Every structure is written in C-alpha cells, then in structure tokens.
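Inspection log for the structure reproduced underneath, given as structure tokens.
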Amino acid sequence: MKQIIIIGGGAAGFFCAANLDEKKYKVTILEQNSDVLQKVKISGGGRCNVSHACFDPKELVQFYPRGNKELLSVFTKFQPGDTMDWFEKRNISLKIENDNRIFPQSNSSQTIINTFLNEIQKKNVEVKTKCSVKEIEKSDEKYLVKTSLGDFDADFVIYTTGSSPKSLKMIQNLGHKIIDLVPSLFTFNIKDPLLKDIPGTSFEMAETSIPKLKTEESGPLLITHWGLSGPAILKISAWEAINLAKVKYNFEIEVNFISKDIDDAEELFQNFKISNPKKTIGQSKIFEVTNRFWQRILEVSNIDLNKQVAQISGKEMQKILENLCKKKFQVTGKSTFKDEFVTAGGVDLKEINFKNMSSKILPNFYVAGEVLNIDAVTGGFNFQACWSEAWLIAQDLNNL
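If you're matching positions, the sequence shown starts at 69 in this note's numbering and goes up one per residue.
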C-alpha cells in the first residue's frame, strides 16, 4: 500500500486526509504542535467561519488579493456550495449569516474539528503530534521525511504547513522559489484625539482611502484601543499588504465615517439647521453616528456642545464636516487582527499546477493552504481556499 505523508495538521491537511481513499493509501499526518487544527479552533471567535456564501467562482476570486487568477479553475471544481454539501452529508448543519459568512449551526468550532477527527478515524489515518519535521530528502520519486519522532518513508508528500518561515525554508531547500512573507489582514495603530477613549464605537458603512497608494475600500469600521479595525480597514490591509510593508506601516489614511459626499452631508446639515434651529448641537442627531462619537467630533472641532444649531457658523460647519467625511489620520504601525494571523507571500504560484495542486518542481509532491502565496480578506475565504485545494489533491490521488 502506498504511503502518503501529510506535513501539517491544519485545515488543508485534514480536509485532504478526510477525502483520500483509505483502500489505496496509508495516510499519516505530522503536526509539530501538541494540538491539531489550531486555526480552525480560534477562527470566527471560536465559532469557525467555515466559508463564505459566494457561489460564483468569478465573484469569489475577487476576495483574494493574491492567487485570484490561479484559484478560478480551483473554485470551478470545488466552491463554497460544495463545502456546505460536504459538511451536510456528515450531518453538520451550517448557517449563512447576514454578512454571508458561513458558520456551523452549533456556533462552535469544535463541531468542525470533531467532524474531521471522526472522518480520519474512519479512514485509519494516523496523526503524530509534537512531531517536528527536520528535513525532507528526495530519492528518485520517493521521499524520506526526517522528524523528531524518527524517519518516515513517503511515496507522496502533501505539504500543508502554513506559512512559518521554517516550513518555507524547508520547501525552498527542495528547489521551490519563495515570495517574501509580509503580514496581511491587520488593524491600524493610530493615536489621535478623535479616537481616544471611545473603543467599541462602530460605523455600519465607512470609506477608507490611502491617497499615497491611490487605493480605497468601504465597509463596517470599528474604533479600537489601538486605532481602527473592521472590514473597511482589513480589506485595505490585505490588498495593500506588500506596499504597506514597504512604507514600514507609516502612512496617512483618510476616513469618511458616514460614507457621504461632503456636499451631501452639508445639505443634510443645512436642512437640519432650518428645521431645528433651537436644538443644542450636542443633542442633535444629524448623522448616523453614536452620541459619544458625535460629541467627540464637536470637541475636536472646538464647538461648544450647548450652542444652538442656528448659531453654528459656516466655518464651524465645514470643520465638523471635514472631521466626519475627510478625516486624515497618521498610521504609525499595525496590530494582528484577533488571532487570525494571515500572511502574503509563500511558495511561488508559477511553480504549482492548479489542476491538481501538484508541484511542477518535485514529483509526487503536493502543496496547499497558507504555505502558498495566496491570501484573502476576512470572511471565511482563506479556509475556502484550503478546502478547495485539498479536495483537488485528494481527487487527483484517488484517481491515480
């Protein structure tokens, strides 16, 4: 019986093992940590954001700053609808939330982990934890995988290690080209009086832009203890990951907190002024923002909160609108988004055959998951790439 060694007990490694034909192969998963599926466990705040309800491959690839061209053919063969079917066939109910993210009905990542553990147990897949791979030696078309728990012979290697520098070095030693790693999906560190002491304040729809890079994004926005987060920030951090690394995370960002053109906002303000002249500006609900944020805007615009709306001068109104619609912040660094550390960079995609995720450099060697130079915005997309790539590998091996 042919031996398959899967290096890396994460999402891609387990999904691949769960789809392999146990009558054809003896499968062993090697994981260097004491627990498998660690990212699955913490994803989505412990609920596991399994995928995203986007069922058109052409649309789906738009969420991947790197890998979008290559993934089109992959998603044509296995996309989020197939992921949902796969889990539902195993009696796992999934649900699509309002923002199209897909979660298990149980709201627990353990449901997903247990499904994988059951599947691989049925298939007699062996899992070795605390097993650190030291080196992979190629001889003809076979491999010797040297680890802290001894050596393993492999007819096929499936490399799903995630993007640690050590694992990239190992595959580089085998002849693969590596694109330098840079963080993707991070929040922006900003010190500014407007954001001070109001963490947790959120905006349903805001617009963010980095003028220097001529790039903009929109979506929900969140003020944190460190600065700004939420999809409007995370999307821009993913698409501009490489450029932001080049400027060492020091740059200017412009934020429109209310997603309204400044002229439209001024018209709203003028209309409010006419119909509510006697209201104090501090108690006026002109725009869809929290009272706390509105009062902070007035403070940093040097407006007396007790001033009547009719008394607000044209100059004062402009100051308020500038802070609401065109506020410039200096970003002075980044923070990891929750625990979901995602990187751009990894194995060069030109060296992978995306029909079956096999290496063009190494025979009988497959690569999937974050070790590749593929990454996505937040929302279940990184996992979907793992499931789809792993499924292709399993199909290819099952058909040999």
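Where is the CB? At the ideal position from N, CA and C, for every residue including glycine.
Just so it is clear, the structure is predicted and the values come from calculations on it, not from any experiment.
Which residue marks the beginning of the beta strand (DSSP E) containing residue i, and which one marks its end?
i: Pro172; result: 169-172
i: Asn257; result: 254-258
i: Lys70; result: 70-75
i: Phe433; result: 433-435
i: Gly78; result: Where Gly78 is concerned, there is no enclosing beta strand (DSSP E), given that its DSSP letter is neither H nor E.
i: Val95; result: 93-98
At what residues does the alpha helix (DSSP H) containing residue i begin and finish?
i: Asn466; result: 449-466
i: Met273; result: Careful: Met273 lies outside any alpha helix (DSSP H), inside the beta strand (DSSP E) at 270-278.
i: Ser141; result: 136-145
i: Thr411; result: No alpha helix (DSSP H) holds Thr411; the beta strand (DSSP E) holding it covers 410-415.
i: Lys387; result: 382-393
i: Ser286; result: Run containing Ser286: none in the alpha helix (DSSP H); it sits in the beta strand (DSSP E), 283-291.
i: Asp150; result: 148-157
i: Ser161; result: It is not in any alpha helix (DSSP H) - Ser161 carries neither H nor E in the DSSP assignment.
i: Glu127; result: 125-128
i: Lys109; result: 106-114
i: Ile365; result: 359-368
By Cβ distance, which residues of its chain are closer than 7 Å to residue i, with the 5 residues on each side in sequence left out?
i: Val415; result: Ile239, His244, Ile246, Val435, Val439, Leu440, Asn441
i: Leu373; result: Thr348, Ile349, Gly350, Gln363, Leu366
i: Thr292; result: Thr255, Pro267
i: Lys396; result: Glu320, Glu322
i: Ile461; result: Cys84, Ile226, Asn424, Met425, Tyr434, Ala436
i: Cys393; result: Asn324, Ile326, Lys328, Ile330, Ala333
i: Leu281; result: Glu308, Asn311
i: Ile180; result: Val108, Cys116, Val118, Pro172
Give me the residue from the options with the minimum Cα distance to residue i.
i: Phe449; options: Asn117, Val95, Cys84, Gly78; result: Asn117
i: Thr144; options: Glu156, Gly135, Arg158, Pro125; result: Pro125
i: Ala453; options: Phe433, Ile429, Met425; result: Met425
i: Lys202; options: Val195, Ser216, Gly112, Lys210; result: Ser216
i: Asn101; options: Trp154, Val225, Thr229; result: Thr229
i: Val357; options: Ile380, Lys328, Asn344; result: Lys328
i: Leu185; options: Val108, Gln398, Val142, Glu127; result: Val108
i: Asn182; options: Lys137, Leu140, Gln106; result: Gln106
i: Gly112; options: Gln178, Ser456, Lys387; result: Gln178
i: Thr400; options: Gly295, Asp464, Glu272; result: Gly295
i: Phe405; options: Leu302, Glu127, Lys163; result: Leu302
i: Leu516; options: Asp248, Gln386, Ser343, Lys383; result: Residue 516 cannot be examined here, being either before or after the span of the chain that is shown, 69 to 468.
i: Leu236; options: Ile75, Ser381, Ile164; result: Ile75
i: Ala52; options: Glu165, Asn175, Ser231; result: Any answer about residue 52 is impossible in this case: the structure gives the chain only from 69 up to 468.
i: Phe271; options: Ser352, Phe82, Asn359, Ser381; result: Asn359
Would you mind stating whether residue i and residue j have Cβ atoms separated by less than 8 Å?
i: Thr255; j: Ser297; result: yes
i: Leu389; j: Glu334; result: yes
i: Glu99; j: Val213; result: no
i: Glu138; j: Phe422; result: yes
i: Val193; j: Ala412; result: no
i: Ala86; j: Glu156; result: no
i: Ala300; j: Leu289; result: yes
i: Phe220; j: Ile110; result: no
i: Val129; j: Asn136; result: yes
i: Ile97; j: Gly114; result: no
i: Ile310; j: Thr283; result: no
i: Phe451; j: Met385; result: no
i: Thr269; j: Phe171; result: no
i: Gln398; j: Ile204; result: no
i: Leu88; j: Asn466; result: yes
i: Lys190; j: Tyr317; result: no
Residues in its own chain within less than 6 Å of residue i by CB, not counting five upstream and five downstream?
i: Ala306; result: Pro133, Ser252, Leu253, Val445
i: Gly447; result: His120, Arg169
i: Pro261; result: Val368
i: Ser161; result: Gln173
i: Phe146; result: Ser456, Trp459
i: Lys341; result: Val377
i: Ser158; result: Inspection of the sequence shows that residue 158 is occupied by Arg rather than by Ser. Within the same chain, Arg158 has close Cβ partners Thr183.
i: Thr197; result: Glu99, Ser102
i: Pro431; result: Glu209
i: Phe355; result: Ile326
i: Ser277; result: Glu284, Glu322
May I ask you to check if the CB of residue i is nearer than 7 Å to at least one heavy atom of the ligand NAP?
i: Ile204; result: Looking at this structure, you won't find the ligand NAP or any other ligand, since it has none at all.
Less than 8 Å between C-beta atoms, sequence neighbours within five positions excluded: which residues of the same chain meet that for residue i?
i: Ile429; result: Leu242, Gly243, His244, Glu419
i: Gly149; result: Phe123
i: Phe131; result: His120, Cys122, Ala444, Val445, Gly447, Phe449
i: Lys70; result: Lys92, Tyr93, Lys94, Asp223, Phe224
i: Pro345; result: Gln376, Val377, Ala378
i: Asn391; result: Leu262, Ile365, Val368, Ser369
Can you check whether the C-beta of residue i is within less than 8 Å of a C-beta belonging to chain B?
i: Ser161; result: The displayed structure is made up of one protein chain only, and chain B is not part of it.
Quick one: complete beta strand (DSSP E) runs, 3+ long, within the segment 293-336?
295-297, 319-324
Uninterrupted beta strand (DSSP E) stretches inside the segment 165-206 (no shorter than 3 residues):
Within the segment 165-206, the runs of beta strand (DSSP E) that reach at least 3 residues and sit entirely inside it are, in chain order, 169-172, 194-196.
Which runs of the beta strand (DSSP E) spanning at least 3 residues fall entirely within the segment 202-236, listed in chain order?
210-215, 218-222, 224-227
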